Amino acid sequence: MKFKSLKGTRDVLPGESHRWQYVEQAIRSVMHRFNYREIRTPVFEETALFARGIGELTDIVGKEMYTFTDRSETSVTLKPEMTASVIRSYIQNNLGEQLPLVKVYYLSPMFRQERPQAGRLRQFHQFGAEAIGGQAAAIDAECLALAMEVYRTLGVTNMSLKINSVGCEQCRPAYRELLQGFLSNVREKLSAESQKRFDANPLRILDSKDEGDKSLTARAPLMKDHLCKECADHFVELQSTLLAQKIPFEIDGRIVRGLDYYTKTAFEIVSTDLGSQDALAGGGRYDLLVEQLGGKPTPSVGFAAGIERLLMVMDQAKLFSGNEPHPFLFLAAADDDGRAWASKASMELRRAGIATELDLLGRSLKSQLKEADRQKADYVLVVGAAELAKNAATLKQMATGDHRTIGLSDLAAEINKLSS
RNA sequence: GUGUCCAUAGUUCAGCUGGUUAGAACGCCAGGUUGUGGCCCUGGAGGUCGUGGGUUCAAGUCCCACUGGACACCCCA
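Under my numbering, the residues of the first sequence are numbered 100 to 519, in order.
So, in structure tokens, the structure goes:
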């Protein structure tokens, strides 16, 4: 084998593509129910957009981006997430001038050069939504409800929604100092990773997986208990809205999003059926981002969800009914006359909307029947010189083995009667 | 980027301490049934044993490197 797909990339093969289509179609239909419209942005952008949008100090920007210089010496990057691109497009196209609240969704490949593992690839796919232009907690709630509704629609149950508030520029600095004050007592005992985060991003120490860190921070102050009035009210309103909408959630004061732009609401949807990479979706509010990227101050919320992880969970819960696309009718040719007829008839049937297959390899009748079986064709019509002479042929229903004679003059109409 | 384990037909795997032409099952192709699938029987095709080096009289088997995979750390969807 000469060429192989690059590390951390995968082909979606013909035998599994219907699963993707099924899930994608479900996502689109939920999005439309919530009145979100699709936005498609280029797979690559100017590198600086992500550096500014996601945060220069994040791991994504620091060491995971696929960045290269194109032939005109421009530094470009394959999108590692969608929000920065969506906001860029929002500003560039003045979407906010046409609508006060812009609600968009996407379904797109993303690229991050990480070491692959369960539920993590270098090219992976996300769906997500952004509601740009409103600060009401009702919008946060709708965004969470939207994500949860996708999973509910698809039958995913083993998961939980965890919410938190990470505050805003009013209350976070003071809390940060409070936290650093608490942590400075135990700083030397923290894991090496957490010690590095002490200055850059102390909030992240709270969701360290290290057992030592966990016990050291067990009694650390949490942002949600030190919110300013506005953030606290917002968080309370979010909770009461979720309760009223009967969306189950739990508060997890240690959730901190890794991207720099989050304010107030932060959330994750976590699966109990996945391995270490158990987050199905994550997101939150980002009230400062639009302004940071050069737009007017525009409070916004959004989320992103991994499609491969969703597929894994659904696979485990056996949520794919397995109705792959298959031919409705297989035209089996008994001889050369039959072959010539099948070639012509297949086109008429296909034009009439009937999924039709025929033998293109010149194989024996027995092989054609086997092929029809393997393809899960509903019906097989065997045609040769004898049938053409009578202008009628035997139609066999594969599942039952039943035979019946059917006229060939208005075949498409006859076949269409069967499928209804 | 770090760590652990792994790499043999299309697929899942076997191949004992290195020893003659590398096997099985399933799948694929053909025939048994000269015009009817699934079951059964018979036959067939298919492998430079991930790649490159090394040790040895001899390497799928031992050693090294590389590449790729799985999982975890990190990070995140």
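Cβ coordinates follow ideal geometry from the N, Cα and C atoms, glycine included. What you are looking at is a predicted structure, and each value in this text was computed from that prediction instead of being measured.
Asked: Whether F149 touches P113 by CB criterion (8 Å); Found: no
Asked: Given 8 Å, three or more beta-carbon pairs between the segment 195 to 209 and the segment 217 to 233; Found: yes
Asked: Under 8 Å between C-beta atoms of G352 and T364; Found: no
Asked: Cβ-Cβ separation, M322 to S264 (assumed contact under 8 Å), whole Å; Found: 7 Å
Asked: Inter-residue CB distance, A511 and L448 (contact presumed, cutoff 8 Å); Found: 5 Å
Asked: Reference S171, options R214, E145, D359, closest by Cα; Found: E145
Asked: Integer-rounded CB distance, given that I238 should sit under 8 Å from L348; Found: Reading off the sequence, residue 348 comes out as Phe, not Leu. In fact, because the Cβ distance is near 16 Å, the residues do not count as touching under 8 Å.
Asked: Alpha-carbon spacing of M100 relative to A217, whole angstroms; Found: Low per-residue confidence applies at M100: pLDDT is 48, beneath 50, and the placement is therefore not dependable, though the value from the model is reported in the following sentence. Approximately 25 Å between the Cα atoms of the pair.
Asked: Nearest-angstrom Cα separation, counted from C267 out to D359; Found: 12 Å
Asked: Anticipated Cβ contact below 8 Å, P301 with R318, distance rounded; Found: Not really, about 15 Å apart at Cβ, beyond 8 Å.
Asked: Length of the line joining the Cα atoms of R139 and L260; Found: 27 Å
Asked: Contacting residues, own chain, Cβ-Cβ under 7 Å from R118 (five flanking each side not counted); Found: L410, F419
Asked: C-beta atoms of I126 and G394 nearer than 8 Å; Found: no
Asked: Boundaries of the beta strand (DSSP E) in which S264 is found, first to last residue; Found: 258 to 264
Asked: C-alpha gap between H502 and I514, whole angstroms; Found: 14 Å
Asked: Closest Cα partner of Q124 within the set G107, S339, Y250; Found: Y250
Asked: Contact belief for P426 with A454 at Cβ below 8 Å, rounded distance in angstroms; Found: 5 Å
Asked: Neighbourhood of L289 by C-beta distance below 6 Å, restricted to the same chain and skipping five residues each side; Found: D312
Asked: Extent of the continuous beta strand (DSSP E) to which P208 belongs; Found: 201 to 210
Asked: Member of E310, L253, V255, P320 whose CA lies at the smallest distance from the CA of S283; Found: P320
Asked: Own chain partners of S128 with C-beta closer than 6 Å, once the 5 adjacent residues on each side are dropped; Found: none
Asked: Within 8 Å, strictly: CB atoms of V481 and A431; Found: yes
Asked: Proximity of N257 and D377 at Cβ, strictly below 8 Å; Found: no
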